[in-house]
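Just so you know, the sequences run in chain order U and B. Sequential numbering of the first sequence, starting at 1, is according to my numbering. Sequential numbering of the second sequence, starting at 1001, is according to my numbering. Beta carbons: idealized from backbone N, C-alpha and C, even for Gly. Since we're looking at a predicted model, the values are computed, not measured. The structure under discussion appears below in the form of structure tokens.
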Amino acid sequence: MHKVWAVIRREFVEKVRNKWFLISTILGPVFLIAVSVLPSLLATKTGKVNNIVLVNEDAGPLAERLRTQLTRTTRFAVTLLPSAPERHEAVVDSLTMSVRTLGIDGFLVVSAATTDSGGVEYRGRNVSSIRDMAVLESALRQTVVVERLNRRGVDPAIVQAAQGRIDFRTLRITKSGATGESGMATFFLGYVVGLVLYMIILIYGMGVMRSVLEEKQTRIIEVLVSSLEPFQLMLGKVLGVGGVGLLQFSIWGVAGYGMVHYRTEILSLFHVPAAAVNAVQLPVIGGTLIVVAGVYFLLGYLLYSALFAVVGASVNTDSEAQQAQQPVMMLLVFSLIVSFAALSDPNGQVALVSSLVPLSAPIIMPVRVATSDVPNSQLALSMAIMLVTSLVVVWGAARVYRIGILMYGKRPNLKEMWRWARQS
Amino acid sequence: MNTDLVVEIDRITKRFSEFVAVSGLSLAVPRGSVYGLLGPNGAGKTTTIRMIMNITIPDEGSVTLFGDTLGGRHHSARIGYLPEERGLYRKMKVRDTLIFLAEAKGVSRAVAGKKADEWLDRLGLGEWRLRKVEELSKGMQQKVQFIATMLHEPELLILDEPFSGLDPINQQVLKDTIVHLSRGGTTIIFSTHQMDVAEKICDHVCIVARGQKVLDGSLQEVKQVHGGTHVAVAFDDGSEAAASILSDPSLVEKADDYGVYAELALKEGVSPQTVLERLVRSGARLRRFERIEPSLHRIFLDKAGPGAADDLKKEPAHA
């Protein structure tokens, strides 16, 4: 045990001393915030104003109303072009030309029939922008509905009132009753939990691989295995690197807690008013989730680091490692992709099965726990499967590792590795 | 079981799929000896050493270390092992590396730290103790490796091709250290294919070729058993005239021309006196004519066969 402890200490101290530990500890949350917040930020904020022409072919007041509505969205600058139905072809041709020569972004034709048939055509360069088209369609729908109501003689005041803003909120109900937590916040929490577990298992699993490969490349491995059992070495390595992961996890956890707890004070330094801060609803992170995420991090890390240790032991160079790590990485990436499906339907078939399959469980199950109520029986079953699989994989990996670390030259194929695992 | 034997190997065999690396090899290393494991590259020296160290397991036979068969790893605190392929953690500090490697052998942290400082000072690396290994020159890294091997003052030192790749200064450092430790009672096993080095340091040898033992025993025994009359001759000039005598099969069994001098194994019953007379009469001007013991090199070539002699000239990549 003294020997294993020496290996654990070396792995831990060397990795924590490394400047990359400091950098990744600081940059990790920055990256996480970037990938989770930036896309939505970009989608809402980068709206450049689209210059469009609204061709009015005897559509009456509809055209003017539509222009007002679109201008109000701030995404469109509308030029009204009165025209006649007979000149339709010529107008479309010249406007198409003007779109192609980059004069305008697109054009919309409304006619007398629009209010009745609802048929409107938009042609432009930005038709693939889902957001622009959604804004356009929504504005059209509102304007046409108002126009139709007006024609039937509905009091404009009533129409005005009917158009009042609708505030749709989603609230999550758990076993302990309504939480006051919004659906959006729950989704966000599940997303972050999945992403963090994926990142930390991948980063530290690969850390084990690099450490194994380093000992092989520097040939220090031979001195080491003359002093301690290969299994002791692998165990010490996995525990030491895992300890670094746990430390980093804890630093992020404490820092995150502190930031959330003192968010009003922190943000006031940036002159953000307290009211604005409190208006943002944050997801509630329960004790169960923390425990479940911790357990699945440990089990998932154990499983994947053992696989990565095998990869490290079976290759000779960094470039070979790059290749050989692909299959293991794909398993993790696949789990992350499936976790998105689990996010939208946490109790569906896909989520249930993938939270029991040991290779994807470490990411999917915590996501399910974050977003729904998982029955205790499923949790227990999944953990049991995970634990047994991890132990079997560690045992097998240790046997392949023991032979692989002393092998140089040609990379073994799966068949050879299987033979190593079976050798006494 | 002989308690005066530190290592006793009993008919070990190791195969790697079809290839037999070591076949039925037995040897015994007496306590306090400097034991040379000699043979060409690919003879099975490294495999034998790895089996002593528990790194590979023999297919047949047994290895007894310090009187039991628990294996090298169990006794790692009593053994210092320097493998042929050497390396250190490049990013680790020198002192930390030494402490870790000693701890892995079962030495306590406090003792390891103290010993590391002593050894670093002794080999002139005191100022480098807090530097990273990669900042050291190759020669300094080799010294760090010696220290890692010997720091815990092992009773048994196993060195696989210790002199290969060393600069002359470090060769001397290592040789001095081996002699120093041997006087202090440490048993030393080392493998080499450099017979001249072995001849200077070893008191016991075992010659292996193609995975099998060719002969073993104390250096004296080996030379006596090998027998024959050996002569060293060197010429100032006129060696052409003497050439016919040196290659006369009725006088000379074998001749090795080393350049500066030639070693002759005389035919049985031929007196050195006869050869000397013939050489003088041929008109060759002799610089040296001396009756010598057969060199280990000569014995090795005789015993390990012509195939082995060829192998000696090559330096194939070693597994």
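Neighbouring residues, chain U, relative to residue i (Cβ below 7 Å)
{"i": "B/Y1081", "result": "V223 and S226"}
Interface partners of residue i on chain U, CB under 8 Å
{"i": "B/L1088", "result": "T218 and I220"}
{"i": "B/E1085", "result": "R219 and E222"}
{"i": "B/G961", "result": "As shown, chain B starts at 1001 and ends at 1319. That puts residue 961 of chain B outside it, with no answer to give."}
Exposed unless 16 or more other CB atoms sit within 10 angstroms - verdict on residue i
{"i": "U/N376", "result": "exposed"}
{"i": "U/D93", "result": "exposed"}
{"i": "B/P1316", "result": "Low local confidence applies: a pLDDT of 39 at B/P1316 is under 50, so the model's placement there is unreliable, with the coordinate-based value given in what follows. Classification of B/P1316: exposed, given that the 10 Å Cβ count is below 16."}
{"i": "B/W1119", "result": "buried"}
{"i": "B/L1038", "result": "buried"}
{"i": "U/K313", "result": "A small correction: the amino acid at residue 313 of chain U is Ala; Lys does not occupy that position in the sequence shown. Classification of U/A313: buried, given that the 10 Å Cβ count is 16 or more."}
{"i": "U/P156", "result": "exposed"}
{"i": "B/T1069", "result": "exposed"}
{"i": "U/A380", "result": "exposed"}
{"i": "B/E1134", "result": "exposed"}
{"i": "U/E11", "result": "buried"}
{"i": "U/H2", "result": "exposed"}
{"i": "U/N413", "result": "exposed"}
{"i": "U/K19", "result": "exposed"}
{"i": "B/Y1258", "result": "exposed"}
{"i": "B/F1190", "result": "buried"}
{"i": "B/H1325", "result": "There is no way to answer for residue 1325 of chain B, as the model of chain B reaches only from 1001 to 1319."}
{"i": "U/Y257", "result": "exposed"}
{"i": "U/G242", "result": "buried"}
{"i": "U/D132", "result": "buried"}
{"i": "B/K1223", "result": "buried"}
{"i": "B/V1280", "result": "exposed"}
{"i": "U/S355", "result": "buried"}
{"i": "B/G1165", "result": "exposed"}
{"i": "B/W1128", "result": "buried"}
{"i": "B/K1200", "result": "exposed"}
{"i": "U/W420", "result": "buried"}
{"i": "U/G153", "result": "exposed"}
Residue i: first and last residue of the uninterrupted beta strand (DSSP E) it sits in
{"i": "B/S1023", "result": "F1019 to P1030"}
{"i": "U/P273", "result": "No beta strand (DSSP E) contains U/P273, which DSSP labels as neither H nor E."}
{"i": "U/S111", "result": "G106 to S111"}
{"i": "U/D93", "result": "Here U/D93 belongs to no beta strand (DSSP E); instead the alpha helix (DSSP H) covers H88 to R100."}
{"i": "B/V1007", "result": "L1005 to F1016"}
{"i": "B/A1209", "result": "H1204 to A1209"}
{"i": "B/Y1035", "result": "V1034 to L1038"}
{"i": "U/A77", "result": "F76 to S83"}
{"i": "B/L1065", "result": "E1060 to L1065"}
{"i": "U/V53", "result": "N50 to E57"}
Delimiting residues of the alpha helix (DSSP H) encompassing residue i
{"i": "B/D1121", "result": "R1109 to R1122"}
{"i": "U/P156", "result": "P156 to A162"}
{"i": "U/V315", "result": "Segment: none, U/V315 is in no alpha helix (DSSP H) and carries neither H nor E."}
{"i": "U/K3", "result": "H2 to R17"}
{"i": "U/N413", "result": "Taken as a continuous stretch (DSSP letters only), U/N413 belongs to no alpha helix (DSSP H), as it is neither H nor E."}
{"i": "U/V260", "result": "P230 to H261"}
{"i": "U/L66", "result": "P61 to R72"}
{"i": "U/R131", "result": "I130 to R151"}
Per-residue contacts from residue i into chain B (C-beta, under 7 Å)
{"i": "U/A6", "result": "F1100, E1103 and A1104"}
{"i": "U/R422", "result": "Those within 7 Å of U/R422 in chain B number zero; the least Cβ separation is about 15 Å."}
{"i": "U/R10", "result": "F1100"}
Amino acids of chain U, ordered along the chain, whose beta-carbon sits closer than 9 Å to that of residue i
{"i": "B/S1076", "result": "K3, S226, S227 and L228"}
{"i": "B/M1092", "result": "R10 and E14"}
{"i": "B/R1073", "result": "V225, S226, S227, L228 and E229"}
Contact test: residue i Cβ vs the ligand GDP heavy atom, cutoff 8 Å
{"i": "U/P156", "result": "Because no ligand of any kind appears in the structure shown, any question about the ligand GDP cannot be addressed here."}
Where residue i meets chain B, residues with beta-carbon distance less than 9 Å
{"i": "U/L406", "result": "R1050, I1055 and T1056"}
Inset, instruction - Could you list the residues in the stretch 1043 to 1059 of chain B with a C-beta less than 9 Å from some C-beta on chain U, going in chain order? - result: Hits within the stretch, in order: R1050, M1053, N1054, I1055, T1056 and I1057.
Legend entry - Ordered list of beta strand (DSSP E) runs contained in the stretch 1216 to 1288 of chain B, each at least 3 residues: Taken in chain order, the unbroken stretches of beta strand (DSSP E) that lie wholly in the stretch 1216 to 1288 of chain B and span 3 residues or more are 1229 to 1237, 1252 to 1257 and 1262 to 1266.
Inset, instruction - Quick one: which residues of the stretch 1099 to 1113 of chain B get their C-beta closer than 7 Å to a C-beta of chain U? List them in chain order. - result: Residues are counted here when their Cβ sits less than 7 Å from a Cβ of chain U; for the stretch 1099 to 1113 of chain B these are F1100, L1101, E1103, A1104, K1105 and G1106, given in chain order.
Inset, instruction - Starting from the N-terminal side, write out each stretch of the alpha helix (DSSP H) that is 4 residues or longer and does not extend beyond the stretch 1153 to 1194 of chain B. - result: Counting whole runs of 4 or more residues, the stretch 1153 to 1194 of chain B contains the alpha helix (DSSP H) stretches 1168 to 1183.
Inset, instruction - Note down, one range per segment and in chain order, each alpha helix (DSSP H) of at least 4 residues found wholly within the stretch 333 to 383 of chain U. - result: Here the runs fully enclosed are 349 to 354 and 361 to 371.
Legend entry - Runs of alpha helix (DSSP H) wholly within the stretch 1123 to 1154 of chain B (minimum 4 residues, chain order): Listed in chain order, they are 1138 to 1150.
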